[in-house]
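See below for the structure under consideration.
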Amino acid sequence: MKLQFLSLGSGSSGNCYYLGDGNYGILLDAGLPLRKIKKILKNYEIGLEQILAVFITHDHGDHIKGIGALGEKQGIPVYATSSVHEGIENGFYVKQKLYASRRIIEKGQSVCVGEFRVTAFEVPHDASDCVGYHVQYAHHSCVLATDLGRINETAGHYIRQANHLIIEANYDEEMLRQGRYPDFLKERITNGTGHLCNTETAEFLASNFSPHLKNIWLCHLSHENNRQEVAYEAVEKMFNQQGIRIGTDVNLTALRRTTPSELFELE
Ligand SMILES: [Zn+2]
Ligand SMILES: [Zn+2]
């Protein structure tokens, strides 16, 4: 069965990803305003009534801005761990609090919505709690691993199962080091509970490569400390060293931050 993937936005100005089969779909994070989500989906002839659920990774603003309206106005269930839901409630990013649309997901326990089987897994990040998602649909295995300071054992376990992988490549180490961020922020990004740099992602992907991995999308690229071609080339370089051929063995895309991607058809 065919599956489609779309990035509506990726990075600090808003993260939101769609996985769907043409009839139904789910969103992973909703860090864009509802009207924008609606508009982008509409461009691909996807209506909000086709969205079965939204799964939230964590309670930072760039991942949750749209959930109040999606949940309470549109009546779309919003799944997150209980700690993330608490963080959302106590935070100020979401004005419309969640009541009827609030759903709890536990790490390691799968939830089925329509034909999608979704499992949350722990990742290290400086939020109330943070998870990645493993989404299984027919024979497809999709993984989202974003906002993680390092690839811990659990994340590695799920990432290795992916046929289609959305993985963070937040910053280029040199650009961050020489950049204008204050030292405390640089420390926060690099200390293991912040974000993944291009090299960490590239090294992990190259040394754990398996022929069942078909698509890689590099996500959550920093505006200040990364560029699409820099992230892409970091992975390309490691892949070349391992004899992994981009375009033949695996497809690689560095996602744009504020412009939606094309609608990818997954085989
Ligand atoms: Zn975050
Ligand atoms: Zn983020």
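To convert a position in the sequence shown, counted from 1, into the working numbering, add 943.
We put the beta carbon where it would ideally sit given N, CA and C, even for glycine.
{"Item": "Over what stretch of residues does the alpha helix (DSSP H) that includes H1107 continue unbroken?", "Value": "Element bounds for H1107: not the alpha helix (DSSP H) but the beta strand (DSSP E), 1107–1111."}
{"Item": "Assuming G1030 is part of the beta strand (DSSP E), what are its boundary residues?", "Value": "G1030 -> not in any beta strand (DSSP E); alpha helix (DSSP H) instead, spanning 1025–1033."}
{"Item": "Can you tell me the Cα-Cα spacing of G1190 and K985, whole angstroms?", "Value": "29 Å"}
{"Item": "Cβ of N958 versus every heavy atom of ligand 2: is any distance shorter than 7 Å?", "Value": "yes"}
{"Item": "I'd like the span of the beta strand (DSSP E) that includes V1173, first residue to last.", "Value": "Run containing V1173: none in the beta strand (DSSP E); it sits in the alpha helix (DSSP H), 1171–1185."}
{"Item": "Classify C1055 as buried or exposed, calling it buried when 16 or more other Cβ atoms lie within 10 Å of its own Cβ.", "Value": "exposed"}
{"Item": "Closest to S1084 by CA distance: which of K1038, T1202, I1159, Q1184 is it?", "Value": "I1159"}
{"Item": "Is the region 1110–1123 in contact with the region 997–1004, if contact means three or more CB pairs nearer than 8 Å?", "Value": "no"}
{"Item": "Does the Cβ of I1047 have 16 or more other Cβ atoms within 10 Å, making it buried, or fewer, making it exposed?", "Value": "exposed"}
{"Item": "Below 8 Å on the Cβ atoms is my guess for Q947 versus L1209; work out the distance and round it to an integer in Å.", "Value": "7 Å"}
{"Item": "With a threshold of 7 Å, establish whether the CB of H1211 neighbours any heavy atom of ligand 2.", "Value": "Examination of residue 1211 is not possible in this model, given that the chain is present from 944 through 1210 alone."}
{"Item": "I'd like the ranges of any beta strand (DSSP E) spanning at least 3 consecutive residues and lying wholly in the region 982–1014.", "Value": "994–998"}
{"Item": "Taking W1063 as the reference, which of S1026, I1109, Y1076, E1172 has the closest Cα?", "Value": "A small correction: the amino acid at residue 1063 is Ala; Trp does not occupy that position in the sequence shown. The candidate whose alpha carbon is nearest that of A1063 is Y1076."}
{"Item": "At a cut-off of 7 Å, would you count D1072 as near ligand 1, judging by its Cβ distance to the nearest heavy atom?", "Value": "no"}
{"Item": "Compare the beta carbon distance of E1111 and L1128 with 8 Å and say whether it is the shorter of the two.", "Value": "no"}
{"Item": "Using only the heavy atoms of ligand 1, determine whether one of them is closer than 7 Å to the beta carbon of H1068.", "Value": "yes"}
{"Item": "Give me the Cβ distance between H1163 and N958, rounded to the nearest whole Å; I'm assuming they're in contact under 8 Å.", "Value": "7 Å"}
{"Item": "State the CB to CB distance for the pair K981 and D964, rounded to an integer number of angstroms; the pair is presumed to be in contact (CB under 8 Å).", "Value": "Wrong, their Cβ atoms sit about 20 Å apart, outside the cutoff."}
{"Item": "Can you give the beta carbon distance from Y1036 to K1008, rounded, assuming they're within the 8 Å contact cut?", "Value": "6 Å"}
{"Item": "Less than 7 Å between the CB of H1083 and some heavy atom of ligand 2, yes or no?", "Value": "no"}
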